[in-house]
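Protein sequences, first through last, are from chains H and Y.
Residue numbers for the first sequence follow my numbering, beginning at 1 and rising by one.
Residue numbers for the second sequence follow my numbering, beginning at 586 and rising by one.
Glycine is no exception: its CB is placed at the ideal position from the N, C-alpha and C atoms.
Note that the structure is a prediction, hence the values are computed from the model and not measured.
Since the structure comes first, as structure tokens, the remarks are kept for the end.
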Amino acid sequence: MRNKGRVLAATTAVFALAVTAACGTGDDTPKPTEVKPEFNAALTAVFNPSDKKGGTLKMAISSDWDSVDPGDTYYGLSWNLLRLYGRSLVMFKPAAGSASSELVPDLAESLGVPSDGGKTWTYKLRAGVKFEDGTPITSKDVKYAVMRSMDKEVLVNGYTYFNDFLDLEATYKGPFKDKAADTKAIETPDDQTIVFHLKQAFGGFDYFAMLPATVPVPAKADTGVKYKEHVVASGPYMFDKYEAGKGFTLKRNPNWDPATDPNRKALPDAYDVKIGLNADDIDNQLISGDLHVDIAGTGVQPAALPKVLQDPALKAYADNPAVARLWYTSINPKVAPLDNIECRKAVMYAMDRTSYQAAFGGEFAGGQIATSIMPPQIPGYAPTNVFPAGADNKGDVEKAKAALTACGKPDGFEVTMGFRAERPKEKATAEAFQQALAKVGIKVTIKGFPVGDYFSLYAGKPSYRNSPTTGLGLMTNGWGADWNDGYGFLSQIVDSRVIRDSGGSSNLSVMIPEVDQLIDQALAETDVKKREALWAQIDKRVMEEAVILPGVWSKALTLRGKGVTNVFVNEAFGQYDYLSMGVAQ
Amino acid sequence: MVTYIIRRTLGALLILFVVSLATFLIFFGLPRLAGATPETFAARYVGKTADAQTQQMYAEKLGFYDPLYEQYGRWIGAVFTGTEYDYGTGVEQCEAPCFGYSFRTNQPVWEDLLDRLPVTGSLALGASIIWLLTGVAVGVLSALRRGSFFDRAAMTGALAGVSLPPYFTGLMFLYFFSYKMGVTAPGASYTPFADDPAEWAYNLILPWITLALLNAAAYARFTRAGMLDTMGEDFVRTARAKGLTEGVVVTKHGLRAALTPIITIFGMDVGLLLGGAILTESTFSLKGLGYFAIDAIGKQDFPQIMGVTMFAAFFVVVANLIVDLLYAVVDPRVRLS
Chain H
1 MRNKGRVLAA
11 TTAVFALAVT
21 AACGTGDDTP
31 KPTEVKPEFN
41 AALTAVFNPS
51 DKKGGTLKMA
61 ISSDWDSVDP
71 GDTYYGLSWN
81 LLRLYGRSLV
91 MFKPAAGSAS
101 SELVPDLAES
111 LGVPSDGGKT
121 WTYKLRAGVK
131 FEDGTPITSK
141 DVKYAVMRSM
151 DKEVLVNGYT
161 YFNDFLDLEA
171 TYKGPFKDKA
181 ADTKAIETPD
191 DQTIVFHLKQ
201 AFGGFDYFAM
211 LPATVPVPAK
221 ADTGVKYKEH
231 VVASGPYMFD
241 KYEAGKGFTL
251 KRNPNWDPAT
261 DPNRKALPDA
271 YDVKIGLNAD
281 DIDNQLISGD
291 LHVDIAGTGV
301 QPAALPKVLQ
311 DPALKAYADN
321 PAVARLWYTS
331 INPKVAPLDN
341 IECRKAVMYA
351 MDRTSYQAAF
361 GGEFAGGQIA
371 TSIMPPQIPG
381 YAPTNVFPAG
391 ADNKGDVEKA
401 KAALTACGKP
411 DGFEVTMGFR
421 AERPKEKATA
431 EAFQQALAKV
441 GIKVTIKGFP
451 VGDYFSLYAG
461 KPSYRNSPTT
471 GLGLMTNGWG
481 ADWNDGYGFL
491 SQIVDSRVIR
501 DSGGSSNLSV
511 MIPEVDQLID
521 QALAETDVKK
531 REALWAQIDK
541 RVMEEAVILP
551 GVWSKALTLR
561 GKGVTNVFVN
571 EAFGQYDYLS
581 MGVAQ
Chain Y
586 MVTYIIRRTL
596 GALLILFVVS
606 LATFLIFFGL
616 PRLAGATPET
626 FAARYVGKTA
636 DAQTQQMYAE
646 KLGFYDPLYE
656 QYGRWIGAVF
666 TGTEYDYGTG
676 VEQCEAPCFG
686 YSFRTNQPVW
696 EDLLDRLPVT
706 GSLALGASII
716 WLLTGVAVGV
726 LSALRRGSFF
736 DRAAMTGALA
746 GVSLPPYFTG
756 LMFLYFFSYK
766 MGVTAPGASY
776 TPFADDPAEW
786 AYNLILPWIT
796 LALLNAAAYA
806 RFTRAGMLDT
816 MGEDFVRTAR
826 AKGLTEGVVV
836 TKHGLRAALT
846 PIITIFGMDV
856 GLLLGGAILT
866 ESTFSLKGLG
876 YFAIDAIGKQ
886 DFPQIMGVTM
896 FAAFFVVVAN
906 LIVDLLYAVV
916 DPRVRLS
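Written as structure tokens, this is what we have:
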């Protein structure tokens with residue numbers, strides 16, 4: 001009996017430990033009061049406005065992004081977040097509603113001054129701006145930042161806009177390969193002035209000046225790919241602690257002078273960013289108030305979605321912002337019988353657009369049914385619907401059959417559709433195509449490919465997708481704008497010159513010489529209104545060719561954390577403006 | 586005994602070698618059969634906008650143009666002798682045991698593994714103590730009171746425990762105890778033991794219980810079955826005939842013999858766990874080896890996948906070795922030779 005008692009005692013002790021620990025300190029601090037929450041309250045206005053400073057804003061994300069180095073990052077959430085510690089020449093206005101699409105000067109005194117017909121752009125830096133160590137920021141620091149960001153062999157994650165547009169010397173190698181490297185493509189006549197010389201006129205250069213690559217970097221502190229371990233701050237916050245893949249904390253930068261910065265309120269005293277949290281747990285923590293912001297900004301998980309939509313108290317903390325992203329299907333004109341435009345039209349008419357929307361999660365989590373390529377928030381957007389899918393958007397069978405007859409395939413045809421196997425929404429899209437097109441006799445065989453190889457080996461590789469044996473007639477695809485502008489949205493998916501034999505391009509089906517010419521025309525146009533009209537024209541022209549079937553313009557159901565002030569959606573990012581939030585005091 | 590240990594150690598090394606070769610072939614050999622080229626391997630290390638030239642440069646730099654056996658030889662050689670990696674703006678020394686270098690995070694994999702080990706170790710330690718004690722205790726009591734209400738209730742509970750996956754129980758525990766009642770720590774809470782032992786235990790209690798629930802249930806069933814078998818054996822009857830108390834019969838004779846298979850499973854489980862409790866770590870957002878593995882797989886970071894696989898295999902092999910040696914201690918019928 002004595003031994004049996006010991007076993008029981010040990011068991012009891014373990015449970016006692018569990019119970020004791022479970023009764024540990026809970027946070028009994030009363031939650032601060034805030035204005036009455038409402039659904040979509042932060043969509044076009046500032047929710048819970050406040051200028052009170054203090055507190056720590058708690059942020060989290062389920063999966064790490066590429067880098068916190070401003071010269072090496074290509075994620076929208078990262079561009080949104082890094083404005084806390086970095087200042088680019090120009091930025092999107094931190095304002096609610098469509099005002100956030102407006103570019104305003106940040107490190108520069110004003111927007112760029114074009115000359116030489118749009119081939120030269122000049123910016124003057126504000127006086128009194130400093131790095132976190134108190135060193136004055138000069139135009140040379142901005143030049144160095146742009147120069148380093150162009151070395152794609154070292155900083156692999158960024159974009160190539162500067163590489164493609166700056167009038168670089170053929171021998172230019174960049175500061176990582178040659179410390180003394182210099183280029184006349186960027187001139188710094190004095191410490192306050194920076195001049196960019198382009199190969200060709202580009203009317204929208206201010207968008208380039210908005211890119212994080214123009215966040216100044218002191219050359220002496222640059223450690224290449226390891227610079228992310230200690231980015232030198234020019235914004236109101238600086239890194240306090242950085243743990244790769246786990247998270248970081250930001251604290252106030254004592255050398256940031258609010259007098260030099262009309263765009264930032266800098267309300268919280270600190271930021272606590274956790275990386276790699278369970279996605280469902282993030283939703284639960286947002287609901288409970290343990291977390292303020294899900295940095296991903298892509299919305300709640302499927303598990304929380306019905307809960308949020310059905311519970312009015314929870315829904316009041318939700319917003320449904322639109323993101324400048326299109327989920328679509330490329331229709332390959334290089335695969336028979338889709339090389340005949342009438343057969344492509346049959347697909348356009350027959351597809352049930354509501355099932356496309358359902359595949360992506362419906363109206364709130366998926367998005368709005370798209371009728372063209374450019375999302376409505378892109379300046380210049382002109383509503384167009386070249387191939388209406390019937391009054392109820394479920395497909396126009398009559399017009400589809402007529403197109404099939406015109407194509408010489410009145411009984412339909414067979415086609416293979418590729419999708420990324422690890423993406424359930426794309427698989428559901430492919431299945432939706434199977435069902436919808438079967439109504440007019442088009443038999444769709446669906447084929448999943450590994451996401452990592454989709455563009456490099458299969459759909460993105462012309463020799464594979466156009467092959468008579470392995471050809472893919474339909475391919476799920478998606479694209480988000482680098483910024484809300486026709487060039488940012490369209491250039492990589494409708495310009496035929498980005499297609500590479502080696503694979504990798506997102507343009508899988510658009511090869512229209514007229515569109516390429518229109519793109520060049522739009523690039524050189526410095527008149528904003530005329531330029532925007534050209535992007536709308538390109539959008540319509542591509543649609544007429546029936547090589548892209550638009551699915552949904554993306555939307556997300558996001559949650560505002562409890563106890564957060566000054567919350568609004570910045571349309572430029574399609575996310576909450578991370579620069580402006582505060583913590584209720 | 587010494588010969589036995591040497592023989593088993595050599596066997597363990599052979600297993601590790603086979604595991605490393607198999608893992609290498611799965612990630613570097615099989616994709617080639619599916620059409621992957623050195624450039625497509627390199628594409629995983631460069632950005633979205635990289636052109637063919639950059640991909641070729643990276644393929645060259647990472648040695649993807651070399652024959653597979655050379656690539657493998659380089660990897661295994663670095664484990665023993667170390668190597669250095671050029672990350673573009675400098676050279677990083679990767680001391681032995683060098684398990685590769687992640688060009689995505691720009692860190693030697695070994696450093697990352699060591700960084701994650703305390704989290705997984707803490708999780709494994711607490712959870713294994715809880716499940717072993719509760720599982721064995723409940724199993725013994727159930728066996729001794731076979732058919733009683735306690736036995737039936739415990740075995741039904743055990744069935745439920747085995748059936749419920751940690752990502753369900755973990756999220757439920759978090760929801761009720763952390764977010765509704767506020768008595769336990771929220772997800773992603775971890776404090777090193779050396780910093781604050783009480784906080785360490787407070788933060789880990791839910792992951793411990795979640796993980797322990799799964800295994801305790803299984804252990805209770807194993808122990809019950811083992812005890813029922815051994816309590817009917819001749820040597821137990823002999824022990825009783827000698828006039829020993831029931832307590833001594835149960836613990837010194839019955840339980841000791843019944844524990845042998847439990848120790849085997851326990852060793853395997855702890856070994857596996859030290860390689861990473863993927864579901865529990867992911868549910869509670871603990872940055873241990875399991876989370877590291879799943880993150881590496883998701884991002885197709887081959888050096889990290891290789892490293893964590895070898896690390897996990899090492900723990901399983903070592904745990905098995907220890908278990909085999911412990912047999913002789915626990916069960917007098919076993920002699921090592």
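- Identification of chain Y residues near N284 of chain H by a Cβ-Cβ cut-off of 7 Å yields L759, Y760, Y764, ordered along the chain.
- Its chain contains Y328, T329, I331, V347, M348, M351 as the residues whose beta carbon lies nearer than 7 Å to that of L549 of chain H, once the 5 sequence neighbours on both sides are disregarded; these appear in chain order.
- When Cβ-Cβ separations below 8 Å define contact, N691 of chain Y makes contact with chain H.
- Legend: CB atoms of the region 160 to 190 of chain H lying less than 7 Å from CB atoms of chain Y belong to residues T160, F176.
- For Y650 of chain Y, no Cβ of chain H is located within less than 8 Å of the residue's own Cβ.
- Remark: C-beta atoms of A324 of chain H and I378 of chain H approach each other more closely than 8 Å.
- By the criterion of a C-beta distance shorter than 6 Å, A45 of chain H is surrounded in its chain by A96, once the five residues flanking it on both sides are discounted.
- Nearest C-alpha to A843 of chain Y among Y:L615, Y:M812, Y:V834, Y:T719: Y:M812.
- Unbroken alpha helix (DSSP H) stretches of 4 residues or longer found wholly inside the region 623 to 703 of chain Y: 623 to 627, 637 to 646, 653 to 666, given in chain order.
- Interface annotation, V154 of chain H: in contact with chain Y, CB-CB separation under 8 Å.
- Taking all protein chains shown into account, V113 of chain H has fewer than 16 neighbouring C-beta atoms within 10 Å of its C-beta and is therefore exposed.
- Within the region 410 to 461 of chain H, the alpha helix (DSSP H) runs of at least 4 residues that lie entirely inside it are, in chain order, 424 to 438.
- With contacts defined as CB atoms closer than 8 Å, W785 of chain Y and P792 of chain Y fail to qualify as a contacting pair.
- The DSSP-derived three-state label of L103 of chain H is strand.
- For Y760 of chain Y, the secondary structure class from DSSP, reduced to helix, strand or coil, is helix.
- The Cβ-Cβ distance between G471 of chain H and A481 of chain H does not fall below 8 Å.
- Along the region 622 to 646 of chain Y, the positions whose C-beta sits under 8 Å from a C-beta of chain H are E624, T625, A628, R629, Y630, V631, G632, K633, T634, A635, D636, A637, T639, Q640, M642, Y643, read in chain order.
- Here M59 of chain H is not near V335 of chain H, since their CB atoms are 8 Å or more apart.
- Around V195 of chain H, the same chain offers T122, E187 as residues with beta carbons nearer than 6 Å, after the five sequence neighbours per side are excluded.
- In the structure shown, D819 of chain Y adopts helical secondary structure according to DSSP, grouped into three states.
- A check of alpha carbon separations from T849 of chain Y across Y:F762, Y:T622, Y:F807, Y:R617 identifies Y:F807 as the nearest.
- For Q889 of chain Y, not one C-beta of chain H is nearer than 8 Å to its own C-beta.
- By the CB criterion at 8 Å, L557 of chain H and F360 of chain H fall outside the cutoff.
- Of the candidates H:K52, H:V308, H:P302, the residue whose Cα lies closest to the Cα of L559 of chain H is H:V308.
- Following the DSSP letters along the chain, one finds L250 of chain H inside the beta strand (DSSP E) bounded by residues 247 to 252.
- Taking T298 of chain H as reference, the option from H:G582, H:S580, H:L579, H:F573 with the minimal CA-CA separation is H:F573.
- Around F387 of chain H, the same chain offers M348, Y349 as residues with beta carbons nearer than 6 Å, after the five sequence neighbours per side are excluded.
- The Cβ atoms of M511 of chain H and M417 of chain H lie no closer than 8 Å to each other.
- For the C-beta of S867 of chain Y, the chain H residues within less than 7 Å are, from N- to C-terminus, N278.
- Around the beta carbon of D339 of chain H, a 10 Å sphere encloses fewer than 16 other beta carbons of the protein chains shown; the residue is thus reported as exposed.
- Closer than 7 Å at the C-beta level to chain Y, one finds these residues of the region 220 to 249 of chain H: T223, G224, V225, K226, A244, G245, K246.
- Counting only Cβ-Cβ distances below 7 Å, S456 of chain H has contacts in chain Y at T625, A628, in chain order.
- Remark: C-beta atoms of E532 of chain H and S101 of chain H do not approach each other more closely than 8 Å.
- Annotation: the continuous beta strand (DSSP E) that includes T188 of chain H extends over 186 to 190.
- Residues Y207 of the same chain have their beta carbon placed closer than 6 Å to that of W483 of chain H, with the five preceding and five following residues left out of the count.
- In this chain, the alpha helix (DSSP H) harbouring A842 of chain Y covers 841 to 859.
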